[in-house]
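If you read the sequences in order, they're chains U and H. In our numbering, each residue's number is its place in the first sequence (first place is 1) plus 4. In our numbering, each residue's number is its place in the second sequence (first place is 1) plus 6. Idealized CB from N, CA, C, for every residue including glycine. The next block holds one structure in the form of structure tokens; read it before the comments.
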Amino acid sequence: MPIVVEKLSYTYMQNTANAHTALDDISFTVGDSEFIGLIGHTGSGKSTLIQQLNGLMQPTSGRVLVDGYDMNDKKQRAKGRALIGMAFQYPDYQLFDSTVFADVSFGPRNMKLDEAEVKRLAAEALELVGLDPAEMMEKSPFELSGGQKRRAALAGIIAMRPKYLVLDEPMAGLDPGGRRDVLELIARLRAELGCAVIMVSHSMDDIARSAERIIVLNNGRIRMIGTPEQVFADTAELTEIGLDVPKPMQLAAMLKQRGAAVPDGLYTEESFIEWLGRAVKHA
Amino acid sequence: MLNDITLGQYLPGNSAVHRLDPRTKILLMIAYIVAIFLVEKMPAFIIIAAFILAVTLTARIPLNYLLKALKPLRFILPLMFLFNLLLVRKGNLLVDWWIIKIYDEGIKNAFFIVLRLSTLVVGTSLLTLTTTPIALTDGLEKLMAPLKLIKFPVHELAMMMTIALRFIPTLIEEADKIQKAQLARGADFESGNVIKRAKAMLPVLIPLIVNSFRHAGELAMAMESRCYHGGEGRTRMRVLKLQWGDLAAALITGALIAAILLSQRFLF
Ligand SMILES: Nc1ncnc2c1ncn2[C@@H]1O[C@H](COP(=O)(O)OP(=O)(O)OP(=O)(O)O)[C@@H](O)[C@H]1O
Ligand SMILES: [Mg+2]
Numbered sequence: 005m006p007i008v009v010e011k012l013s014y015t016y017m018q019n020t021a022n023a024h025t026a027l028d029d030i031s032f033t034v035g036d037s038e039f040i041g042l043i044g045h046t047g048s049g050k051s052t053l054i055q056q057l058n059g060l061m062q063p064t065s066g067r068v069l070v071d072g073y074d075m076n077d078k079k080q081r082a083k084g085r086a087l088i089g090m091a092f093q094y095p096d097y098q099l100f101d102s103t104v105f106a107d108v109s110f111g112p113r114n115m116k117l118d119e120a121e122v123k124r125l126a127a128e129a130l131e132l133v134g135l136d137p138a139e140m141m142e143k144s145p146f147e148l149s150g151g152q153k154r155r156a157a158l159a160g161i162i163a164m165r166p167k168y169l170v171l172d173e174p175m176a177g178l179d180p181g182g183r184r185d186v187l188e189l190i191a192r193l194r195a196e197l198g199c200a201v202i203m204v205s206h207s208m209d210d211i212a213r214s215a216e217r218i219i220v221l222n223n224g225r226i227r228m229i230g231t232p233e234q235v236f237a238d239t240a241e242l243t244e245i246g247l248d249v250p251k252p253m254q255l256a257a258m259l260k261q262r263g264a265a266v267p268d269g270l271y272t273e274e275s276f277i278e279w280l281g282r283a284v285k286h287a
Numbered sequence: 007m008l009n010d011i012t013l014g015q016y017l018p019g020n021s022a023v024h025r026l027d028p029r030t031k032i033l034l035m036i037a038y039i040v041a042i043f044l045v046e047k048m049p050a051f052i053i054i055a056a057f058i059l060a061v062t063l064t065a066r067i068p069l070n071y072l073l074k075a076l077k078p079l080r081f082i083l084p085l086m087f088l089f090n091l092l093l094v095r096k097g098n099l100l101v102d103w104w105i106i107k108i109y110d111e112g113i114k115n116a117f118f119i120v121l122r123l124s125t126l127v128v129g130t131s132l133l134t135l136t137t138t139p140i141a142l143t144d145g146l147e148k149l150m151a152p153l154k155l156i157k158f159p160v161h162e163l164a165m166m167m168t169i170a171l172r173f174i175p176t177l178i179e180e181a182d183k184i185q186k187a188q189l190a191r192g193a194d195f196e197s198g199n200v201i202k203r204a205k206a207m208l209p210v211l212i213p214l215i216v217n218s219f220r221h222a223g224e225l226a227m228a229m230e231s232r233c234y235h236g237g238e239g240r241t242r243m244r245v246l247k248l249q250w251g252d253l254a255a256a257l258i259t260g261a262l263i264a265a266i267l268l269s270q271r272f273l274f
């Protein structure tokens with residue numbers, strides 16, 4: 005059963021002079037093991053929206069159902085929350101324990117599993133993100149590099165075996181190599197654990213590469229929703245709300261202007277390079 | 007969760023009261039406190055009340071803010087009132103019923119203490135309502151400057167206060183984010199006894215403390231790389247300068263004290 009978001013609205017500081025409607029009548033569903041990209045201008049409500057998904061914030065109106073559990077209901081919320089793994093933008097907000105291993109165990113331990121099971125899940129999660137479990141038994145999370153911290157934080161979340169992985173700008177502040185690593189890591193986690201992914205990102209290229217479906221938020225409303233082909237086809241609309249199209253598409257548009265016969269829908273680097281190879285051979 | 011905390015109570019504005027030099031305001035507040043303690047006869051509180059009202063209106067502060075200032079005293083005031091009413095055993099006995107004995111001096115004392123405390127708190131809250139915390143520390147630094155002669159670290163103290171004030175909203179925001187991150191990992195802050203709950207706060211407190219040390223380190227580095235070297239020879243972006251308004255305010259407060267003293271002598 006999927007995540008269902010129904011007519012969700014949220015107002016910050018309701019009933020005060022500073023009231024601000026951050027989300028307005030949002031509805032969509034997330035299918036099993038689907039990869040959803042969430043994009044939108046700064047302040048469009050992305051972070052607000054994903055915090056509603058696991059009930060960290062309750063909607064002003066509307067509701068979220070996670071596998072049928074109503075996140076507005078206090079009892080059902082705990083069950084729904086256990087299905088969702090949520091990674092915040094900065095790992096520094098999460099890491100706290102004396103060793104990385106203990107930190108990763110925090111989630112499974114909160115699930116009241118027995119000690120052997122906790123250890124097994126933590127070790128597996130560390131393995132999955134590419135950190136050595138034995139080494140992490142001694143290492144303090146505060147000794148890790150930025151990229152390693154992010155991996156450790158991700159491990160802390162996937163150790164809980166979530167059915168849905170919610171990621172708020174997981175690549176922020178990483179260099180291009182680090183971005184690619186994390187993106188590949190997410191794809192691998194999804195393949196191995198079979199979880200759905202909902203990822204917020206400011207990089208259209210990252211979204212174009214990974215997402216099966218894209219939700220475009222603008223001023224707290226859903227402006228577009230569809231496959232990357234559908235969403236990126238409408239360059240004018242994206243530009244209007246202050247977003248880009250992926251770089252290969254920008255390049256394709258420039259080539260078209262110069263009279264080259266470039267097909268539509270080349271929104272990833274790979275597809276663009278493949279087309280270019282064929283075009284050059286024929287020329 | 008933590009968003010409801012509002013810090014400081016400064017109400018932005020541009021009134022004559024807002025524009026006064028913070029040094030003047032601090033000194034006049036001290037004078038005001040002295041004035042309150044000079045009051046010996048009940049009717050003199052009318053003069054104080056008129057003064058508070060005049061300042062509030064000039065500063066364009068909604069009157070209900072004065073009541074809000076009294077909120078922290080909502081338990082202590084009635085308690086003080088009762089203690090004085092029941093325990094003072096002087097003057098004429100008015101009520102004598104069971105173990106309760108009320109004297110006229112007791113009634114007088116009870117009202118007196120309540121009036122004195124509330125005027126004290128309401129009056130001083132006018133200072134924080136009309137002055138930014140930064141201006142206040144600036145003013146304090148200037149006023150305490152003579153203490154430098156005895157090697158008291160005035161500038162350092164003021165800088166520490168300024169930095170602390172600057173970081174309070176940042177820390178609240180961070181605490182909120184950390185709390186959410188741990189909730190998402192199944193942390194439970196709400197059940198169990200006191201010890202269990204205190205322990206449950208550790209996953210929030212540790213990142214918060216680690217992050218504040220990081221902020222402190224980064225800030226120190228940023229300040230040093232911009233050649234900060236303490237108060238010695240440092241000039242200010244906003245130089246405090248006394249204006250005519252400061253003189254006027256001083257005269258008005260002086261008049262308040264004079265009015266209290268004279269009226270107690272000749273009128274009441
Ligand atoms: N705690 C808060 N109190 C009041 N308003 C808030 C709060 N948090 C966010 N907002 C407002 O809600 C709106 C949506 O914010 P949100 O953080 O969801 O945006 P976002 O799409 O995640 O932006 P970004 O890309 O910069 O992360 C913004 O206009 C913001 O100013
Ligand atoms: Mg955000």
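Would you say residue i lies against chain U (beta-carbon separation less than 8 Å)?
i, result
"leucine 189 (chain H)", "yes"
"lysine 199 (chain H)", "Before going on, a small fix: residue 199 (chain H) reads as asparagine here, not lysine. Not one chain U Cβ lies under 8 Å of asparagine 199 (chain H)."
"lysine 74 (chain H)", "no"
"asparagine 70 (chain H)", "no"
"aspartate 194 (chain H)", "yes"
"lysine 186 (chain H)", "yes"
"isoleucine 174 (chain H)", "no"
"threonine 12 (chain H)", "Annotation note: pLDDT 43 at threonine 12 (chain H) (below 50); position unreliable, coordinate value reported separately. Not closer than 8 Å to any Cβ of chain U, the Cβ of threonine 12 (chain H) fails to qualify, so no."
"valine 216 (chain H)", "yes"
"leucine 8 (chain H)", "Residue placement at leucine 8 (chain H) is poorly supported in this model, since its pLDDT is 45, which falls under 50; the coordinates still yield a value, given next. No, because no Cβ of chain U sits closer than 8 Å to the Cβ of leucine 8 (chain H)."
May I have the straight-line CA-CA distance separating residue i from residue j, to the nearest angstrom?
i, j, result
"aspartate 29 (chain U)", "tyrosine 14 (chain U)", "9 Å"
"proline 6 (chain U)", "threonine 33 (chain U)", "7 Å"
"lysine 167 (chain U)", "leucine 57 (chain U)", "13 Å"
"lysine 143 (chain U)", "histidine 24 (chain U)", "43 Å"
"arginine 213 (chain U)", "tryptophan 279 (chain U)", "16 Å"
"aspartate 210 (chain U)", "leucine 130 (chain U)", "24 Å"
"tyrosine 16 (chain U)", "arginine 67 (chain U)", "16 Å"
"aspartate 252 (chain H)", "threonine 138 (chain H)", "17 Å"
"valine 185 (chain U)", "proline 174 (chain U)", "The sequence given here places aspartate at residue 185 (chain U); valine does not occur at that position. C-alpha separation (whole angstroms): 11 Å."
"tryptophan 103 (chain H)", "leucine 88 (chain H)", "16 Å"
"aspartate 248 (chain U)", "alanine 256 (chain U)", "14 Å"
"isoleucine 39 (chain H)", "leucine 132 (chain H)", "13 Å"
"leucine 8 (chain H)", "methionine 75 (chain U)", "Low per-residue confidence applies at leucine 8 (chain H): pLDDT is 45, beneath 50, and the placement is therefore not dependable, though the value from the model is reported in the following sentence. Distance between the alpha carbons of leucine 8 (chain H) and methionine 75 (chain U): 21 Å."
"aspartate 10 (chain H)", "arginine 80 (chain H)", "Bear in mind that the predicted position of aspartate 10 (chain H) carries a pLDDT of just 40, short of 50, making it too unreliable to give a figure here."
For residue i, tell me which candidate among the options has the shortest Cα-Cα distance.
i, options, result
"isoleucine 308 (chain H)", "U:Phe146, U:Asp210, U:Ile190", "For chain H, the structure presents residues 7 to 274; residue 308 (chain H) sits outside this window and is missing."
"alanine 163 (chain U)", "U:Ile40, U:Val122, U:Asn19, U:Thr231", "U:Val122"
"tyrosine 94 (chain U)", "H:Met86, H:Asn199, H:Leu132, H:Ala187", "H:Ala187"
"isoleucine 67 (chain H)", "H:Val101, H:Leu93, H:Trp103, H:Val23", "H:Val23"
"leucine 121 (chain H)", "H:Ser131, H:Tyr109, H:Leu83", "H:Leu83"
"asparagine 98 (chain H)", "H:Glu111, H:Ala141, H:Asn70", "H:Glu111"
"valine 128 (chain H)", "H:Gly251, H:Tyr71, H:Arg191, H:Asp27", "H:Tyr71"
"arginine 271 (chain H)", "H:Ala37, H:Ala50, H:Leu26", "H:Ala50"
"valine 61 (chain H)", "H:Ile266, H:Thr259, H:Gln249, H:Ser269", "H:Thr259"
"valine 210 (chain H)", "H:Ala170, H:Arg191, H:Ala228", "H:Arg191"
"aspartate 71 (chain U)", "U:Arg124, U:Gly151, U:Gly269, U:Ala86", "U:Ala86"
"methionine 86 (chain H)", "H:Tyr16, H:Arg25, H:Leu163, H:Leu123", "H:Leu123"
"phenylalanine 117 (chain H)", "H:Leu92, H:Ala141, H:Thr136, H:Lys107", "H:Leu92"
Determine whether the beta carbon atoms of residue i and residue j lie at a separation below 8 Å.
i, j, result
"leucine 149 (chain H)", "isoleucine 32 (chain H)", "yes"
"glutamine 98 (chain U)", "proline 213 (chain H)", "yes"
"valine 133 (chain U)", "leucine 189 (chain U)", "yes"
"phenylalanine 39 (chain U)", "glutamate 241 (chain U)", "no"
"methionine 35 (chain H)", "threonine 130 (chain H)", "yes"
"leucine 42 (chain U)", "isoleucine 202 (chain U)", "yes"
"arginine 165 (chain U)", "leucine 197 (chain U)", "yes"
"serine 31 (chain U)", "asparagine 223 (chain U)", "no"
Could you check whether the Cβ of residue i sits closer than 8 Å to any Cβ belonging to chain H?
i, result
"leucine 12 (chain U)", "no"
"glutamine 55 (chain U)", "yes"
"leucine 27 (chain U)", "no"
"leucine 42 (chain U)", "no"
"glutamine 18 (chain U)", "no"
"glycine 72 (chain U)", "no"
"leucine 169 (chain U)", "no"
"leucine 87 (chain U)", "no"
So residue i packs on residue j, CB below 8 Å; how close in whole Å?
i, j, result
"arginine 244 (chain H)", "glycine 145 (chain H)", "With 8 Å as the limit, arginine 244 (chain H) and glycine 145 (chain H) do not qualify as a contact, their Cβ atoms being about 11 Å apart."
"alanine 157 (chain U)", "leucine 135 (chain U)", "That belief does not hold up - the Cβ atoms of alanine 157 (chain U) and leucine 135 (chain U) are roughly 11 Å apart, past 8 Å."
"tyrosine 271 (chain U)", "methionine 258 (chain U)", "Wrong, their Cβ atoms sit about 15 Å apart, outside the cutoff."
"glycine 160 (chain U)", "glycine 182 (chain U)", "With a Cβ gap of about 18 Å, glycine 160 (chain U) and glycine 182 (chain U) do not count as contacting."
Please list, in chain order, the chain A residues whose beta carbon lies closer than 7 Å to that of residue i.
i, result
"methionine 90 (chain U)", "Although the question refers to chain A, the structure presented lacks it and instead comprises the protein chains U and H."
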